[in-house]
Amino acid sequence: AQKITQTQPGMFVQEKEAVTLDCTYDTSDPSYGLFWYKQPSSGEMIFLIYQGSYDQQNATEGRYSLNFQKARKSANLVISASQLGDSAMYFCAMRAGGTSYGKLTFGQGTILTVHP
Amino acid sequence: GAGVSQTPSNKVTEKGKYVELRCDPISGHTALYWYRQSLGQGPEFLIYFQGTGAADDSGLPNDRFFAVRPEGSVSTLKIQRTERGDSAVYLCASSPDRQSSRKTQYFGPGTRLLVL
Numbered sequence: 024a025q026k027i028t029q030t031q032p033g034m035f036v037q038e039k040e041a042v043t044l045d046c047t048y049d050t051s052d053p054s055y056g057l058f059w060y061k062q063p064s065s066g067e068m069i070f071l072i073y074q075g076s077y078d079q080q081n082a083t084e085g086r087y088s089l090n091f092q093k094a095r096k097s098a099n100l101v102i103s104a105s106q107l108g109d110s111a112m113y114f115c116a117m118r119a120g121g122t123s124y125g126k127l128t129f130g131q132g133t134i135l136t137v138h139p
Numbered sequence: 156g157a158g159v160s161q162t163p164s165n166k167v168t169e170k171g172k173y174v175e176l177r178c179d180p181i182s183g184h185t186a187l188y189w190y191r192q193s194l195g196q197g198p199e200f201l202i203y204f205q206g207t208g209a210a211d212d213s214g215l216p217n218d219r220f221f222a223v224r225p226e227g228s229v230s231t232l233k234i235q236r237t238e239r240g241d242s243a244v245y246l247c248a249s250s251p252d253r254q255s256s257r258k259t260q261y262f263g264p265g266t267r268l269l270v271l
């Protein structure tokens with residue numbers, strides 16, 4: 024079974040500063056993928072970034088980067104230069120196994136609040 | 156282009172009633188997923204369609220839940236004899252194909268179901 028753990032129920036950051044959202048995962052499968060999604064108050068899930076278990080480099084997408092530490096089974100999201108619009112719920116998710124499709128297992132989420 | 160759309164956006168029903176929730180995936184996307192998100196939780200997988208067939212329905216909680224995708228595009232999630240515990244946001248996601256779904260899924264805005 025796969026499990027995603029997000030231990031920070033809420034995080035606060037000052038505008039323009041960087042923030043790290045924690046995510047640890049558990050799986051016995053050698054092949055898996057890790058995702059981060061943003062969910063604003065409107066409710067829609069917005070895809071941010073993806074990291075494959077065999078990817079050699081940490082994924083980056085604009086202000087988002089994924090700090091992937093395979094041995095520690097962690098996949099933390101780093102948001103640089105926070106903006107007020109970054110205030111939202113953030114979910115870490117995993118697609119595991121040799122399955123040929125993308126069934127996702129999500130964590131509990133972290134609420135990020137960006138202060139001006 | 157148009158994203159994933161879901162109708163209705165909100166649905167209020169009485170315990171014991173039947174409801175249908177509709178998902179319109181992005182045009183041409185063959186992979187379609189349903190998830191359920193209870194208040195304060197991450198989404199939980201319900202069912203995956205590849206084309207017209209349900210490739211994985213292991214997340215459906217019981218036989219009151221059923222989903223179809225008869226022409227490989229629009230999908231309908233059907234809930235019989237609704238219970239108060241069915242109250243949640245039902246999210247639909249799509250991906251271009253089975254392989255692409257391993258790296259990203261595009262979510263709709265969800266249907267908020269309230270069972271009184």
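For the protein sequence lines, the chains are A and B, in the order given.
So for the first sequence, my numbering puts the first residue at 24; every next one is plus one.
So for the second sequence, my numbering puts the first residue at 156; every next one is plus one.
All residues carry an ideal CB built from backbone N, CA and C; glycine is no exception.
Just to confirm, are residue i and residue j a CB contact at a threshold of 8 angstroms?
i	j	result
A/Lys61	A/Tyr124	no
B/Lys166	B/Thr266	yes
B/Leu201	B/Gly214	yes
A/Glu40	B/Pro264	no
A/Leu135	A/Asp109	yes
B/Lys222	B/Ser230	Inspection of the sequence shows that residue 222 of chain B is occupied by Ala rather than by Lys. Against a cut-off of 8 angstroms, the Cβ pair of B/Ser230 and B/Ala222 comes out as a contact.
A/Leu44	A/Gln25	no
B/Gly227	B/Thr207	yes
A/Ile72	A/Tyr48	no
Starting from the beta carbon of residue i, find every residue of chain B whose beta carbon is closer than 9 angstroms, and list them in chain order.
i	result
A/Gly132	Gly195, Gln196, Gly197
A/Tyr87	Simply none; closest approach about 14 angstroms.
A/Phe129	Tyr190, Gln192, Gln196, Gly197, Pro198, Glu199, Phe200
For residue i, go through chain B and note every residue whose CB falls closer than 8 angstroms to its CB, in chain order.
i	result
A/Phe91	None at all; the shortest Cβ gap to chain B is about 15 angstroms.
With a cut-off of 8 angstroms, does the C-beta of residue i fall near any C-beta of chain D?
i	result
B/Phe262	Looking at the structure shown, chain D is missing, and the protein chains on hand are A and B.
By Cβ distance below 8 angstroms, which residues in the same chain neighbour residue i in space, the five residues on each side in sequence not counted?
i	result
A/Cys46	Ile27, Thr28, Gln29, Leu57, Trp59, Ser97, Ala98, Asn99, Leu100, Cys115, Gly130
B/Val174	Lys166, Thr168, Lys233, Ile234, Thr237, Leu268
A/Ser64	Ala111
B/Pro225	Thr207
B/Leu194	Ala243
Buried or exposed: which applies to residue i, given that a residue is buried once 16 or more other Cβ atoms fall within 10 Å of its Cβ?
i	result
A/Gln80	exposed
A/Tyr77	exposed
A/Thr83	exposed
Applying a beta-carbon distance threshold of less than 8 angstroms, which residues of chain A neighbour residue i?
i	result
B/Ala186	Tyr124, Gly125
Can you list the residues of chain A that residue i reaches, using a CB-CB cut of under 9 angstroms?
i	result
B/Gly265	Gly66, Glu67, Met68
Please list, in chain order, the chain A residues whose beta carbon lies closer than 7 angstroms to that of residue i.
i	result
B/Thr259	Phe70, Tyr73
Taking 7 angstroms as the cut-off, is the beta-carbon of residue i closer than that to any non-hydrogen atom of the ligand SAH?
i	result
B/Tyr188	Absent from the structure shown: the ligand SAH. Ligands present: none.
Any C-beta of chain B within less than 8 angstroms: which residues of the segment 57 to 80 of chain A qualify? Those would be Phe58, Tyr60, Ser65, Gly66, Glu67, Met68, Ile69, Phe70, Tyr73, Gly75, in chain order.
What residues in the segment 198 to 216 of chain B bring their beta carbon closer than 9 angstroms to a beta carbon of chain A?
-> Contact annotation: in the segment 198 to 216 of chain B, residues whose CB is within less than 9 angstroms of a CB in chain A are Pro198, Glu199, Phe200, Tyr203, Gln205, Ala210, Asp211, Ser213, Gly214.
Checklist entry - In chain order, what residues of the segment 105 to 126 of chain A put their CB closer than 7 angstroms to some CB of chain B? => result Answer in chain order: Phe114, Arg118, Ser123, Tyr124, Gly125, Lys126.
**OP:** Scan the segment 239 to 257 of chain B for residues whose Cβ lies nearer than 9 angstroms to a Cβ of chain A and list them as they occur along the chain.
**Re:** Close to chain A, meaning a Cβ-Cβ distance shorter than 9 angstroms, are the following residues of the segment 239 to 257 of chain B: Val244, Leu246, Ala248, Ser250, Arg253, Gln254, Ser255, Ser256, Arg257.
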